[in-house]
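Oh and the sequence shown: position 114 is 277 in the working numbering, straight run, nothing missing. To start, the structure itself, in structure tokens.
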Amino acid sequence: MTLPSLKRRTAMLAVAASAAATLAGPAFAQQTVTLRLHQMLPPQATIPARALVPWAQKVEAESGGRIKVQLFHAMQLGGAPPQLFDQARDGVVDLTWTVLGYTPGRFPKTEVFELPFLTTTGEASSRAIQEYVEKFAADEFRSVKLIAVHTHGPGLFHTKTPVTGLESLRGMKIRGGSRIINNMLTKLGATPIGMPVPAVTESLSKGVIDGTTIPWEVAPPLKVHELVKNHTTFAGANGLYNSTFAFSMNRAAYDKLPDDLKKVIDANSGIETAAMFGRAMDEGDKIGRDIAVKAGNNIVALDVAETQRWKRTAATVEDDWIAEVKAKNIDGAKLAAEARALVAKYSR
């Protein structure tokens, strides 16, 4: 090949390479990312229907369709609910939503929001726990990209025979969702039976438990209002107990996103996302209570004096927790005070 021919060929190859790069650039920039989201509840339950699906739709819209979220409900991808946090951490899936209390003692600072009569509504308490975790417990979530933490609304009893006072609870086998809740049940005279919430339906129907502690919102998908006919609530804004939840993303899956897509995930993380999950819980509570009312179930509303008895009896649960976390060099009394202050701040 002559020198002029070689020059022409080199020039043509350079033009072709430049054109290919120009065409490939936008295509590469517009490539989509599919994130798999795994959780424990049926799709009609409050959080899947009113929080996870809207979150996924919002992320997809704000990314211009470049982030797709595939939802897998009711442990479709295998494992058990207590393994969900680690599934996100280890990259088995990209995103998970789970109850932190299913892994006892692993999130000791965050556990404070499970203490009796500490929290109020789902939205207020979820804003409070998100700010609290960012300030005081971020180290407990350093292995993942934390999307949000949140709580449900006021916790209550759903039982086969009515709970009309402390005495009537004694000896009942009651499902609890965490070690702190189980300790509270023991102090109140019940026999705690620990289990993840998906096991409640079968356990009630088979007589393994006499009742359960869950918020109103999760009762309908579990058919609790059909299996028990009594529900006991408490006077005042503060619920008997609460559970803590985490919506987490695999750190490597987040890190490999291009910067503009990271911004979409960041914009859908934090306190407003936590509040959205809490609002979903509050809306679900109204629906769950209405279903029980329409079913003609017995709703017991304990008065102020009786509620105070429960508060006094359950108060030692906080003392126990403070002593336990002290062994881990955690100032539990300070953290409990901070949590209460944040709940009060957002409950005004």
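Where a beta carbon is used, it is the ideal one built from N, C-alpha and C, also for glycine. Just so we're clear, the structure is a prediction, and the values are computed from it rather than from any experiment.
Reduced DSSP secondary structure (H/G/I, E/B, other) of residue i
i	result
residue 312	strand
residue 326	coil
residue 357	strand
residue 280	coil
residue 289	helix
residue 210	helix
residue 191	Note on residue 191: pLDDT 46, under 50, position unreliable in the model; the coordinate value appears next. Note: residue 191 maps to helix in three-state DSSP.
residue 266	coil
residue 256	coil
residue 463	strand
residue 345	helix
residue 485	helix
residue 230	strand
residue 428	helix
residue 498	helix
residue 511	coil
residue 186	Because residue 186 sits at a pLDDT of 42, beneath the cut-off of 50, its placement in the model cannot be relied upon, and the point is left open.
residue 242	coil
residue 370	coil
residue 112	In the structure displayed, the chain extends from 164 to 511; residue 112 sits before or after that span and is not available.
residue 169	Residue placement at residue 169 is flagged as unreliable, the pLDDT there being 44, under the threshold of 50; the coordinate-derived value follows with that caveat. If DSSP states are grouped into helix, strand and coil, residue 169 belongs with the helices.
residue 434	helix
C-alpha distance - residue i paired with residue j, whole-angstrom precision
i	j	result
residue 422	residue 260	24 Å
residue 299	residue 264	18 Å
residue 276	residue 360	18 Å
residue 469	residue 316	21 Å
residue 227	residue 204	29 Å
residue 295	residue 434	10 Å
residue 493	residue 193	47 Å
residue 496	residue 400	22 Å
residue 278	residue 404	6 Å
residue 231	residue 197	5 Å
residue 245	residue 217	24 Å
residue 438	residue 290	5 Å
residue 351	residue 248	30 Å
residue 358	residue 236	19 Å
residue 329	residue 484	22 Å
residue 420	residue 200	16 Å
residue 424	residue 453	41 Å
residue 366	residue 302	36 Å
residue 511	residue 471	22 Å
residue 304	residue 211	22 Å
residue 287	residue 467	22 Å
Cβ-based burial, residue i [other Cβ within 10 Å; buried from 16]
i	result
residue 368	exposed
residue 243	exposed
residue 353	buried
residue 195	exposed
residue 475	exposed
residue 224	exposed
residue 256	buried
residue 479	exposed
residue 274	buried
residue 507	exposed
residue 272	buried
residue 268	exposed
residue 293	buried
residue 202	buried
residue 427	buried
residue 445	buried
For residue i, the residue or residues it bridges with in DSSP
i	result
residue 235	201
residue 319	377
residue 339	357
residue 409	261 and 312
residue 450	Its beta-bridge partners do not exist; DSSP assigns none.
residue 196	230
residue 307	413
residue 395	320 and 463
CB contact flag (residue i, residue j, <8 Å)
i	j	result
residue 376	residue 464	no
residue 355	residue 337	yes
residue 588	residue 481	Only positions 164 to 511 of the chain appear in the structure, and residue 588 is not among them; the question remains open.
residue 374	residue 320	yes
residue 458	residue 388	yes
residue 431	residue 221	yes
residue 402	residue 282	yes
residue 251	residue 312	no
residue 385	residue 371	no
residue 209	residue 381	yes
residue 447	residue 213	yes
residue 340	residue 406	yes
residue 383	residue 318	no
residue 323	residue 391	yes
residue 240	residue 219	no
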